[in-house]
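A short worksheet on the structure shown next.
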Amino acid sequence: MAKRKFEPKDYIQNGGFIFIHLGCLLVIWAGASWTAVALCALLYAARMFSITAFYHRYFAHRTYKTSRVFQFLMGVAGATCFQNGPLWWSAHHRHHHRHSDTEEDIHSPIARSLYWAHMGWILSKQYNKYDTESVRDLAKYPEIRWLQRYNVVPGIVLGVLTFVLGEVLAHTSPELGINGLQALTWGFFVSTTLLYHATFTINSLMHKIGRRRFETDDESRNSMILALITFGEGWHNNHHRYHASERQGFYWWEIDLSHYGLVMLKWLGLVWDLKTPPKRIYEEAAGVRKRTKTPGRLRQLQNDEEKAIDLTPAFSELNDSTLRGLPKQEKELLEEV
Ligand SMILES: [Zn+2]
Ligand SMILES: [Zn+2]
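Just so you know, we're using my numbering here: the sequence shown kicks off at 33 and counts up by one.
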């Protein structure tokens with residue numbers, strides 16, 4: 033496939049993304065301490081979980097259910113990652129699944145370059161807008177639309193809080209060697225930058241490096257190392273094969289920290305109905321069964337629904353109502369898409 037050339041409209045414009053990177057230079061004046069590094073690691077972990085378990089597995093794919101209040105809190109937690117609001121994020125991600133590694137895909141390292149898939153598209157002014165129709169299921173909540181509109185607020189509040197925490201610790205526990213500027217530098221700027229690049233490896237490296245268990249129509253791959261760094265998102269070939277599943281590590285040895293976290297939230301009663309891969313996916317993984325192609329009739333239904341809503345929520349809703357009368361085999365196939 034011929035790669036697209038870099039065009040004038042691709043020029044850098046995302047000032048917030050650059051500002052976060054430049055903020056890391058404060059380390060020259062702020063210095064470092066073990067407390068600051070621990071704060072950086074803690075906020076990286078909490079926010080990696082938020083972006084994967086909440087933005088990706090809930091908002092983009094609707095792989096489990098929750099209450100309306102917790103849904104909003106999950107959106108706020110995801111927004112602290114400074115990766116735009118849940119509607120923008122989900123709309124672009126759903127688009128990626130519909131057009132993976134084709135010319136249409138907005139961040140394919142196959143159709144374009146590794147750099148483009150990693151961060152070139154983030155720096156481009158082409159993608160500030162999103163397809164509101166594709167996230168109609170989420171946009172029906174006014175509080176989610178509000179969060180989308182003010183998506184930078186949770187991140188800014190987090191930045192201020194890290195500074196305040198550092199100042200408080202400097203006065204109450206000076207032996208920790210941290211102060212406001214250092215806490216802001218490590219807890220906010222360095223942590224967010226690391227979070228950016230770890231998250232973006234899923235769009236770039238995970239379509240280039242690793243093993244392919246399933247013969248998907250794209251170049252998605254699985255990697256244990258990237259799964260550890262991204263809390264389970266490295267099982268990307270599994271995910272592209274069956275993105276209706278909440279867990280992306282399909283076996284006990286496929287470490288998936290976001291899945292473990294969501295199971296704990298389930299024990300607390302905050303989330304429920306975590307979807308898992310069906311038996312036929314495991315049979316396909318074991319080579320017992322070949323991949324079943326979607327029959328024409330279902331493909332048409334899928335296309336019709338795509339115009340209004342993404343595959344996963346569309347099919348979860350379809351299963352509940354519209355397609356109640358379909359034969360058993362077709363219902364099973366729908367769950368797979
Ligand atoms: Zn996905
Ligand atoms: Zn992908």
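Virtual Cβ for every residue (Gly too), placed ideally from N, Cα, C.
Keep in mind that this is a model prediction, so the values were computed, not measured.
**Message:** So, for F232: in the same chain, excluding its five sequence neighbours on each side, which residues have a beta-carbon less than 7 Å away from its beta-carbon?
**Reply:** Position 200 of the sequence shown, counted from the first residue, corresponds to residue 232. Counting only Cβ-Cβ distances below 7 Å, and skipping sequence neighbours, we find H150 and M151.
**Message:** Can you look up N235 in the DSSP assignment and give me helix, strand or coil?
**Reply:** For the purposes of this step, residue 235 is taken as the residue at position 203 of the sequence shown. The answer is helix: DSSP assigns N235 an H, G or I state.
**Message:** Would G293 and I287 be called neighbours here (beta carbons separated by less than 8 Å)?
**Reply:** Along the sequence shown, one-based indexing puts residue 293 at 261. Along the sequence shown, one-based indexing puts residue 287 at 255. Not closer than 8 Å, so no.
**Asked** Around the Cβ of R160, are there at least 16 other Cβ atoms within 10 angstroms (buried) or fewer (exposed)?
**Response** What you label residue 160 is simply residue 128 of the sequence shown in a count that begins at 1. The sequence shown places Asn at residue 160, rather than the Arg named in the question. The residue in question, N160, is exposed, as its Cβ has fewer than 16 Cβ neighbours within 10 Å.
**Request:** Mind listing which residues have their beta carbon within less than 6 Å of any non-hydrogen atom of ligand 2? Chain order is fine.
**Result:** Neighbourhood of ligand 2, defined by CB distance below 6 Å to any of its heavy atoms: H128, S132, H239, S252, H268 and H272, in chain order.
**Item:** L201 to F195 span [Cα, whole Å]
**Value:** The residue labelled residue 201 in the question sits at position 169 within the sequence shown. The residue labelled residue 195 in the question sits at position 163 within the sequence shown. Rounded to the nearest angstrom, the two C-alpha atoms are 10 Å apart.
**Item:** Status (buried if at least 16 other CB within 10 Å, exposed otherwise) for K172
**Value:** Residue numbering aside, residue 172 sits at position 140 when the sequence shown is read from its first letter. The residue in question, K172, is exposed, as its Cβ has fewer than 16 Cβ neighbours within 10 Å.
**Item:** Selected residue, minimal CA-CA separation from S277, among R79, Y90, R126 and L300
**Value:** Within the sequence shown, numbered from 1, the residue matching residue 277 stands at position 245. Cα-wise, what sits closest to S277 is Y90.
**Prompt:** Are the segment 260-267 and the segment 90-107 touching, with three or more C-beta to C-beta distances below 8 Å?
**Reply:** Counting C-beta pairs with one atom in each stretch, the segment 260-267 and the segment 90-107 have fewer than three that are closer than 8 Å, which means they do not touch.
**Message:** Quick check on N160: does DSSP put it in helix, strand or coil?
**Reply:** Here residue 160 refers to the residue found at position 128 of the sequence shown. Note: N160 maps to coil in three-state DSSP.
**Request:** Out of E251, E315, K298 and R79, state which residue places its alpha-carbon closest to the alpha-carbon of T134.
**Result:** Position 102 of the sequence shown, counting from 1, holds the residue named residue 134. Ranking E251, E315, K298 and R79 by Cα distance to T134 puts E251 first.
**Message:** Tell me whether K291, by its Cβ, gets closer than 7 Å to a heavy atom of ligand 1.
**Reply:** Stepping through the sequence shown from its first residue, residue 291 is reached at position 259. According to the sequence as given, residue 291 is His; it is not Lys. No; taking the cut-off as 7 Å, the Cβ of H291 has no heavy atom of ligand 1 nearer than that.
**Request:** Let me know if M238 comes out buried or exposed under the rule of 16 or more other beta-carbons within 10 Å of its beta-carbon.
**Result:** On the sequence shown, residue 238 is found 206 positions in, with the first residue counted as 1. Label assigned to M238: buried.
**Item:** A279 versus M106 - alpha carbon distance
**Value:** Stepping through the sequence shown from its first residue, residue 279 is reached at position 247. Stepping through the sequence shown from its first residue, residue 106 is reached at position 74. According to the sequence displayed, residue 279 carries Arg and not Ala. One C-alpha to the other measures close to 18 Å.
**Span separating the alpha-carbon of L302 from that of F102** = As a first step, residue 302 must be located in the sequence shown, where it is residue number 270. As a first step, residue 102 must be located in the sequence shown, where it is residue number 70. Near 7 Å, if we compare the C-alpha coordinates of F102 and L302.
**Message:** Would you call the segment 176-189 in contact with the segment 125-133, where contact means no fewer than 3 C-beta pairs closer than 8 Å?
**Reply:** Contact check between the segment 176-189 and the segment 125-133: fewer than three CB pairs, one atom from each, fall below 8 Å, which does not count as touching.
**Request:** Can you say whether R253 is buried or exposed, counting buried as having 16 or more other CB atoms within 10 angstroms of its CB?
**Result:** Here residue 253 corresponds to residue number 221 of the sequence shown, with the count starting at 1. By the neighbour-count definition (other C-beta atoms within 10 Å, threshold 16), R253 is a buried residue.
**Request:** Specify, as a first and last residue, the run of the alpha helix (DSSP H) that Q180 falls within.
**Result:** Translated into the one-based positions of the sequence shown, residue 180 becomes position 148. Run containing Q180: P174 to R181, per the alpha helix (DSSP H) assignment.
**Request:** Could you tell me the distance, in whole angstroms, from the CA atom of F49 to the CA atom of E315?
**Result:** Counting from 1 along the sequence shown, the entry for residue 49 is found at position 17. Counting from 1 along the sequence shown, the entry for residue 315 is found at position 283. Across the structure, F49 and E315 are spaced so that their CA atoms are roughly 43 Å apart.
**Message:** Between the alpha carbons of E247 and N183, how many angstroms are there, rounded?
**Reply:** Stepping through the sequence shown from its first residue, residue 247 is reached at position 215. Stepping through the sequence shown from its first residue, residue 183 is reached at position 151. Whole-angstrom Cα-Cα distance: 37 Å.
**Asked** If you pair each beta-carbon of the segment 199-217 with each one of the segment 105-120, do three or more pairs fall below 8 Å?
**Response** In this structure the segment 199-217 does not touch the segment 105-120; the number of beta carbon pairs closer than 8 Å is below three.
**Item:** Start and end residues, alpha helix (DSSP H) containing S122
**Value:** Your numbering for residue 122 matches position 90 in the sequence shown. For S122, the enclosing alpha helix (DSSP H) covers residues P118 to R130.
**Asked** How should G319 be labelled, buried or exposed, when 16 other C-beta atoms within 10 angstroms of its C-beta is the threshold for buried?
**Response** Against the sequence shown, residue 319 aligns to sequence position 287. When all chains shown are included, G319 counts as exposed.
**Asked** Any idea what DSSP makes of N254, helix, strand or coil?
**Response** In the sequence shown, residue 254 corresponds to position 222, counting from 1. The answer is strand: DSSP assigns N254 an E or B state.
**Item:** Under the three-state DSSP convention, the category R243 falls into
**Value:** To locate residue 243, count along the sequence shown from 1; it is residue 211. In this structure, DSSP gives R243 an extended state, which the three-state scheme calls strand.
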